[in-house]
Amino acid sequence: MFIGQALPMLDAEERVLGRVNYVLNFELPGMLTGKILRSPLPHAQLVTVDGSRAERLAGASAVLTRNDFGSKTGFTGKYGRVFRDQTVVAFDEVRFVGDPVAAVAAD
């Protein structure tokens, strides 16, 4: 029993020598990498969000902005476990530094 004792670290040697594979170390065929563009400003009004430059970049597979939600898609862009009041990306204003404005998936 290990009650009151430290648990043995069975993978200590592999960790110290850098041989442990973590989730970020895996690469699968066709795998994309995602990046969230976050607001550098708090309480800012969003005038325009244009993802066209990002869409034209080599390797870009998808760009998600506020323009991808609403009546044309049927998805409002809001989610939440209890109240659907959280937006996937900011729509008219950002509330805090780090509020998501856009998302990009690329090779």
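Numbers 107 to 213, taken from my numbering, label the letters of the sequence shown in order. Glycine included, C-beta positions come from ideal geometry on N, C-alpha and C. Model, not experiment: these values are computed from the prediction.
With DSSP as the reference, identify every bridge partner of residue i, one or two as the case may be.
| i | result |
| --- | --- |
| V210 | K141 and V169 |
| E199 | Q151 |
Among the options, which has the Cα closest to the Cα of residue i?
| i | options | result |
| --- | --- | --- |
| L170 | V200, D156 and L163 | D156 |
| D213 | P114, V126 and G165 | G165 |
| A211 | R125, V126 and R162 | R162 |
What number of angstroms, rounded off, separates the C-alpha of residue i from the C-alpha of residue j?
| i | j | result |
| --- | --- | --- |
| G140 | A112 | 38 Å |
| L134 | R172 | 30 Å |
| Y128 | F175 | 34 Å |
| P146 | E120 | 39 Å |
| R82 | L116 | Residue 82 lies beyond the range of the chain shown here (107 to 213); nothing can be said about it. |
| R125 | T154 | 46 Å |
| R144 | G136 | 26 Å |
Can the beta-carbon of residue i be found less than 9 Å from the beta-carbon of residue j?
| i | j | result |
| --- | --- | --- |
| A209 | I109 | no |
| V194 | K184 | yes |
| V221 | A196 | Any property of residue 221 remains undetermined from this structure, which presents the chain solely from 107 to 213. |
| L130 | S167 | no |
| D198 | Q151 | yes |
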